[in-house]
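Scroll down for the structure; my scribbles are underneath it.
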Amino acid sequence: MSADAIVQVKDVGKIYDGGVEALASISLALPQGKLSTLLGPSGCGKTSLLKIIAGLIPPSRGEIWVKGTKVEGPGPERAFVFQDFALLPWANVLRNVAFGLELRGLPKPERDAIARKHIGEVGLASFESSYPHQLSGGMRQRVGLARALAVDADIILMDEPFSSVDEQTRRKFQEELLVLLRHKRKTVIFVTHSIEEAAYLSDQIVLLSPRPGTLSKIVEPNIHREGRSPDEIRRDKNYLDAVDEIWQILKHYV
Amino acid sequence: MERQSWIAKPLFWQLVSFALFFGFWELAGRWPISFAFPPFSKTLVALLSMIADGSLGKAYLLTLQPLIIGIVLCSIAGIGFGIGMGLSRAIEWFSLPIFIVLQAAPMAALIPLITYIYGIGITAKVLAVVVLAAPVIVMNSYKGIRNTNPSLIQMCRAFLGTRRQQVVKIILPHAAALIFAGLRLGLAMGFIGIVIAELLITPTGIGDLITYNSSVADYPRMFAAIASIVLVAALAIQGLERLERKLFPPEMRGSENVG
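Residue numbers (the numbering used here), protein chains in the order written: chain A, 1 to 254; chain B, 1 to 259.
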């Protein structure tokens, strides 16, 4: 495994109660400061793997190591962005974003100041006192992202964050996400079922085969992104090759 | 833009509904369908005279006492118990079957038994309120706790919340609306309980007004007492429902965000 791996997945398998085998023996190394995508058709256990890395569900076999420590549960170096946003409906944007810090016992003035900074970064500066039901799906997920950024974890785990967001919003959001995360040098682990999304965002794409999930292939798009516009990236030869390569593998599973 | 005409206003139709109801009551009373059924106008006069001579006020002082004590007891013990059932599997297994039976059973049938054990004092009346109101209050609190969005609990764990924080910051706020709705339903049951108790155990308060006026054949006064308790219960429950919508607007409740 590479020396700069921040997350190591060692022979992880997951069998749910009732005997459904979601994952069968996966080993992986996820590099520090990069965006890695877990990609595969529905039922390949990609969300299970992400939640095992997060420490939210225990693996049936194998181990996860993060920054040289074995994972026994959630930890401060990992933050999670949920597919269904998981915002408190009775709390406004400010409190939702500050919620991770509230749970850590940070005094209110401090956590609000940190939350305001991150609300600004995700482009919701004027919505601090709005409630989740007053926001669109895309804006709600920005709140979810700001909450994850606010606790200043090294690793951001994102579970299909754009799946409940419409296509136009999704593209805009992807572009902003890319800029924001590269700027912050976070390690991101991203679950998606969209090939274009994976190829556009990732440094490394982990392809999983379905039922039970096993490691199929690791694709590294090697797209030069510095100083290039989103449209240039989408016309890049390496981007198009990566999309094609992934599709050639995934079409056998559909 | 089309202007909303008076015919499209809910208040208009509500007033029409009341006018029709009281109109038919007046007609039925004048017919008369029974000697013991007074028309609306006579009942209204009787009601006003009972308010004026203070007998209605005195009666309510007596009636509301056990009702309020009973509902307060239920709110403290019942909500506490329901929350306990929702949070602890052991308490749930131990007591859920009892409350399911209690909720389905016609609890009014227990009131003669309560009289037999506790006599005819205020204790028996408080108990009558409690046996009717408690099951729905307990069950609503329990369901409120159990309905917590699992995704929010997972979020709390992912951001390193303790079990205590999970309960205080996620589960209880999530359940608050359903618990409050349980209190409202409990109060409705409590009104039934207190009226039955005052008619069956010893005639006091409103129950006394109904029984006494019936025995001396003063039917307008008897109907005025009945109408007044219906009105008081309806207003109290309607008021709580409005308070509920104000405190817990549907779009800010947890339960609507499930799924």
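Just so it is clear, CB atoms sit at the ideal spot from N, CA and C, and this is done for glycine as well.
Exercise. Just the chain E side, please: which residues come within less than 8 Å of Cys156(B) by C-beta, in chain order?
Key: Of the protein chains in the structure, A and B, none is chain E.
Exercise. Report yes or no: do three or more beta-carbon pairs, one from the stretch 126-144 of chain B and one from the stretch 100-118 of chain B, lie closer than 8 Å?
Key: These segments touch.
Practice problem: Measure from the alpha carbon of Leu256(A) to the alpha carbon of each residue in Ile205(A), His224(A), Asp159(A), Lys251(A), then state which is nearest. | Solution: In this structure chain A extends from 1 to 254, so residue 256(A) is not present and cannot be described.
Self-check item: Residues that Ile15(A) bridges to, as DSSP identifies them
Solution: For this step, residue 15(A) is matched to residue 15 along the first sequence. Looking at the DSSP assignment, Ile15(A) forms a beta bridge with Glu21(A).
Quiz item: What number of angstroms, rounded off, separates the C-alpha of Gln134(A) from the C-alpha of Leu106(A)?
Solution: Your numbering for residue 134(A) matches position 134 in the first sequence. Your numbering for residue 106(A) matches position 106 in the first sequence. Whole-angstrom Cα-Cα distance: 27 Å.
Quiz item: At a cut of 8 Å, does the stretch 214-223 of chain A reach the stretch 159-179 of chain A through at least three beta carbon pairs?
Solution: Counting Cβ pairs under 8 Å, fewer than three are found: no touch.
Exercise. Have a look at Ser17(B) and Gln238(B) and give me their C-alpha separation to the nearest angstrom.
Key: Sequence index remark: in the second sequence, residue 17(B) carries index 17 (1-based). Sequence index remark: in the second sequence, residue 238(B) carries index 238 (1-based). If you draw a straight line from the Cα of Ser17(B) to the Cα of Gln238(B), it comes to about 17 Å.
Exercise. Flag this pair as touching only if the stretch 71-78 of chain B and the stretch 46-63 of chain B have three or more C-beta atom pairs under 8 Å; answer yes or no.
Key: Taking 8 Å as the limit for Cβ pairs, the verdict is that the stretch 46-63 of chain B does not touch the stretch 71-78 of chain B.
Quiz item: Is it the case that the Cβ atoms of Ile229(B) and Ile206(B) are separated by a distance below 7 Å?
Solution: Taking the second sequence and counting its residues from 1, one reaches residue 229(B) at position 229. Taking the second sequence and counting its residues from 1, one reaches residue 206(B) at position 206. A Cβ-Cβ contact shorter than 7 Å links Ile229(B) with Ile206(B).
Quiz item: Can you tell me whether DSSP reads Ile204(B) as helix, strand or coil?
Solution: As a working mapping, residue 204(B) is identified with position 204 in the second sequence. It is Thr, not Ile, that sits at residue 204(B) in the sequence shown. In the displayed model, Thr204(B) falls within coil according to three-state DSSP, outside both helix and strand.
Quiz item: Just how far apart, CA to CA, sit Asp152(A) and Phe12(B)?
Solution: Indexing the first sequence from 1 puts residue 152(A) at position 152. Indexing the second sequence from 1 puts residue 12(B) at position 12. Annotation: Asp152(A) to Phe12(B) spans about 58 Å, alpha carbon to alpha carbon.
Quiz item: Which stretch, first to last residue, makes up the alpha helix (DSSP H) that contains Gly70(B)?
Solution: Position 70 of the second sequence, counting from 1, holds the residue named residue 70(B). First-last of the alpha helix (DSSP H) with Gly70(B): 55-73.
Quiz item: chain B beta carbons: is any one of them nearer than 7 Å to that of Gly100(A)?
Solution: Position 100 of the first sequence, counted from the first residue, corresponds to residue 100(A). Residue contact check for Gly100(A) against chain B: a CB pair falls below 7 Å.
Exercise. May I have the straight-line CA-CA distance separating Val71(A) from Gln8(A), to the nearest angstrom?
Key: The residue given as residue 71(A) occupies position 71 in the first sequence. The residue given as residue 8(A) occupies position 8 in the first sequence. Spanning the two alpha carbons is a distance of roughly 10 Å.
Quiz item: Which one of Ala150(A), Gly227(A), Asp154(A), Glu245(A) has the shortest CA to CA distance from Glu196(A)?
Solution: As a working mapping, residue 196(A) is identified with position 196 in the first sequence. In this structure, Glu245(A) is the residue among Ala150(A), Gly227(A), Asp154(A), Glu245(A) with its C-alpha nearest to the C-alpha of Glu196(A).
Quiz item: On the three-state DSSP scale, how would you describe Ser88(B)?
Solution: Here residue 88(B) refers to the residue found at position 88 of the second sequence. Under the three-state reduction of DSSP output, Ser88(B) falls in the coil class, being neither helix nor strand.
Quiz item: Counting pairs of beta carbons, one from the stretch 86-93 of chain A and one from the stretch 190-197 of chain B, are three or more of them closer than 8 Å?
Solution: The stretch 86-93 of chain A is not in contact with the stretch 190-197 of chain B.
Quiz item: Between Ala134(B) and the rest of its own chain, which residues show a CB-CB distance below 7 Å, the 5 nearest in sequence each way excluded?
Solution: For the purposes of this step, residue 134(B) is taken as residue 134 along the second sequence, with counting starting at 1. So the list reads Cys74, Gly78, once near-sequence residues are dropped.
Exercise. Identify, in the order they occur along the chain, each residue of the same chain with its Cβ nearer than 8 Å to the Cβ of Leu209(B), setting aside the five sequence neighbours on each side.
Key: To locate residue 209(B), count along the second sequence from 1; it is residue 209. Closer than 8 Å at Cβ, skipping near neighbours: Met50, Ser55, Leu56, Ala59, Arg221, Met222, Ala225.
Exercise. Give me whichever residues DSSP pairs with Gly213(A) in a beta bridge.
Key: Taking the first residue of the first sequence as position 1, residue 213(A) is located at position 213. Answer by DSSP bridge pairing, in chain order: Leu23(A).
Quiz item: Going along the chain, which residues of its own chain have a beta-carbon closer than 6 Å to the beta-carbon of Phe127(A), five neighbours each way excluded?
Solution: In the first sequence, counting from the first residue as 1, residue 127(A) sits at position 127. Excluding residues within five positions, the ones whose Cβ falls inside 6 Å are Val93.
Practice problem: For chain A, find out if any of its Cβ atoms is closer than 7 Å to the Cβ of Phe159(B); answer yes or no. | Solution: Position 159 of the second sequence, counted from the first residue, corresponds to residue 159(B). Output row for Phe159(B): interface = yes.
Quiz item: Whose Cβ in chain B lies nearer than 7 Å to the Cβ of Phe82(A)?
Solution: As a position in the first sequence, residue 82(A) is number 82, starting the count at 1. For a Cβ distance threshold of 7 Å, residue set Ser151, Met155 of chain B lies close to Phe82(A), ordered along the chain.
Quiz item: Can you name the residues that DSSP bridges to Ala5(A)?
Solution: Here residue 5(A) corresponds to residue number 5 of the first sequence, with the count starting at 1. Paired residues: Pro31(A).
Self-check item: Buried or exposed (CB count within 10 angstroms, at least 16 for buried), Pro32(B)
Solution: To locate residue 32(B), count along the second sequence from 1; it is residue 32. Burial call: exposed.
Quiz item: Ordered along the chain, which non-local residues of its own chain (more than five positions away) have a Cβ less than 8 Å from that of Ala8(B)?
Solution: Within the second sequence, residue 8(B) is the residue found at index 8, counting from 1. Closer than 8 Å at Cβ, skipping near neighbours: no residue.
Quiz prompt | Interfacial residues, the stretch 115-134 of chain A to chain B, with Cβ spacing under 9 Å | solution = Those would be Tyr131, Pro132, His133, Gln134, in chain order.
Exercise. Pull up the CB-CB distance for Pro41(A) and Leu250(A), whole angstroms please, since I reckon it's below 8 Å.
Key: Working through the first sequence from its first residue, we reach residue 41(A) at position 41. Working through the first sequence from its first residue, we reach residue 250(A) at position 250. That belief holds up - the Cβ atoms of Pro41(A) and Leu250(A) are roughly 7 Å apart, short of 8 Å.
Quiz item: Is Gln14(B) close to chain A, meaning its C-beta is less than 7 Å from at least one C-beta of that chain?
Solution: Locating residue 14(B) in the second sequence gives position 14, counting from the first residue. By this cut-off, Gln14(B) is not an interface position.
Self-check item: Identified DSSP bridge partners for Leu157(A)
Solution: Here residue 157(A) is taken as the residue at index 157 of the first sequence, counted from 1. Per DSSP, the beta bridge partners of Leu157(A) are Phe80(A), Ile189(A).
Quiz item: With which residues is Gln204(A) paired in a DSSP beta bridge?
Solution: Residue numbering aside, residue 204(A) sits at position 204 when the first sequence is read from its first letter. In the DSSP output, where bridge partners are listed per residue, Gln204(A) has Ser36(A).
Practice problem: Compute the distance between the beta-carbons of Ser27(A) and Lys10(A), then report whether it is under 7 Å. | Solution: In the first sequence, counting from the first residue as 1, residue 27(A) sits at position 27. In the first sequence, counting from the first residue as 1, residue 10(A) sits at position 10. A contact, by the Cβ cut-off of 7 Å.
Practice problem: Can you tell me which of the three DSSP states Arg151(A) falls into? | Solution: To locate residue 151(A), count along the first sequence from 1; it is residue 151. It should be noted that the sequence gives Val, not Arg, for residue 151(A). Looking at Val151(A) - three-state DSSP - the assignment turns out to be coil, as it is neither helix nor strand.
Quiz item: From which residue to which residue does the beta strand (DSSP E) around Ile64(A) run?
Solution: If you number the first sequence from 1, residue 64(A) lands on position 64. Element bounds for Ile64(A): 61-66.
Practice problem: Assuming Ile137(B) and Gly86(B) form a contact by the criterion Cβ under 8 Å, report the distance between their Cβ atoms to the nearest whole angstrom. | Solution: Counted from its first residue, the second sequence places residue 137(B) at position 137. Counted from its first residue, the second sequence places residue 86(B) at position 86. Contact between Ile137(B) and Gly86(B) does not hold, since their C-beta atoms are separated by about 13 Å, which reaches or exceeds 8 Å.
Quiz prompt | Close-in-space but distant-in-sequence residues of the same chain around Thr169(A) (CB under 7 Å, 5 per side omitted) | solution = Looking up residue 169(A) in the first sequence gives position 169. Exclusion of the five residues before and after Thr169(A) leaves Gly138 as the residues of its chain whose Cβ lies within less than 7 Å of its Cβ.
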